[in-house]
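A.B. asks:
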Amino acid sequence: MFGMSVFQSVLERLKTEEDEQGEAHDEQLRPANIRGLNAGFVGSLSSSGTIDGGAVQRAYFDTASEAMRAPPIPAPKPVMPDHLSRIRPEQVAADLGLTDMETAVGLTDKRRRFAAENHPDRHHPDFRNNATIRMKIANMLIDEAQRRLRLMQRS
1 MFGMSVFQSV
11 LERLKTEEDE
21 QGEAHDEQLR
31 PANIRGLNAG
41 FVGSLSSSGT
51 IDGGAVQRAY
61 FDTASEAMRA
71 PPIPAPKPVM
81 PDHLSRIRPE
91 QVAADLGLTD
101 METAVGLTDK
111 RRRFAAENHP
121 DRHHPDFRNN
131 ATIRMKIANM
141 LIDEAQRRLR
151 LMQRS
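Quick note on numbering: the UniProt record's numbering labels position 29 of the sequence shown as 29, and the sequence is numbered without any gaps.
#1: Just list the alpha helix (DSSP H) runs in the region 78–125, keeping only unbroken ones of 4 residues or longer that don't cross its boundaries, in chain order.
#2: So what does DSSP say about Asn33, is it helix, strand or coil?
#3: Below 7 Å CB to CB, which residues in the same chain sit around Ala115 once its five sequence neighbours on both sides are set aside?
#4: Tell me which residue opens and which closes the alpha helix (DSSP H) that Ala138 is part of.
#5: How is Ser9 classed by DSSP in three states: helix, strand or coil?
#6: Taking the beta carbon of Lys15 as the centre, do at least 16 other beta carbons fall within 10 Å, making it buried, or is it exposed?
#7: Quick check on Leu151: buried or exposed, where buried means 16 or more other Cβ atoms within 10 Å of its Cβ?
#8: Nearest to Pro78 by CA position, among Gly3, His123 and Gln21, is which residue?
#9: Could you tell me the alpha carbon to alpha carbon distance between Phe7 and Asp126, rounded to whole angstroms?
#10: Using the C-alpha atoms, what's the distance from Arg112 back to Asn139?
#11: Compare the Cα-Cα distances from Thr103 to each of Pro72, Asn130, Glu12 and Ala145 and report the closest residue.
#12: Considering only the alpha carbon of each residue, which of Pro89, Asp95 and Asp82 lies closest to Ile133?
#13: Do you know offhand how far Ser5's Cα is from Arg128's?
As structure tokens, then:
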């Protein structure tokens, strides 16, 4: 073993273990012949060394032809939430609940709450365009309200 690479020493040890097990072990048809593992390619072994029948059946159906398989059940078509259809600026402003008495903290809070419900990443790809429009309008309205608030505070 000395003077060998790690890989060579592992190969030598595996060969020695294989020779120790003898040819009798090779004659047995056992799905898991790797020492230390209790599962083969098809399924789990029971304590008696037999293959779990359920695993064999699952493997059979996994490799069955398309004609034998049941047709896939189509996913239901997603339904657009009602609020995403409200994309006019006055509708978005009403959903935001903007008033003339807003504070900077209140506007920031409204922006966060609106984004939590309307951000495009939170919706099905089919509805992201409407969500994007709503977010753009909401951000524009809140930015304008913040600009007006700063002007009022200066005067």
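Ideal Cβ positions, reconstructed from N, Cα and C, are used throughout, including at glycine.
Bear in mind the structure is a predicted one, so any value in this text is a computation, not a measurement.
C.D. replies: Well, looking at it:
#1: Runs of the alpha helix (DSSP H) inside the region 78–125: 89–96 and 104–118.
#2: Because the pLDDT at Asn33 is just 49, under 50, the model does not fix this residue reliably, and the value given afterwards should be weighed accordingly. Coil.
#3: Same-chain partners within the cutoff: Met135.
#4: Bounds of the alpha helix (DSSP H) holding Ala138 are Arg128 to Arg154.
#5: Residue state, collapsed to three classes: helix.
#6: So Lys15 ends up on the exposed side.
#7: By the 10 Å Cβ count, Leu151 comes out exposed.
#8: When each option's Cα is compared against that of Pro78, the closest is His123.
#9: Rounded to whole angstroms, Phe7 and Asp126 show a C-alpha spacing of 54 Å.
#10: Straight across, the Cα-Cα distance linking Asn139 with Arg112 is about 10 Å.
#11: The shortest Cα separation from Thr103 among Pro72, Asn130, Glu12 and Ala145 belongs to Ala145.
#12: When each option's Cα is compared against that of Ile133, the closest is Pro89.
#13: About 58 Å.
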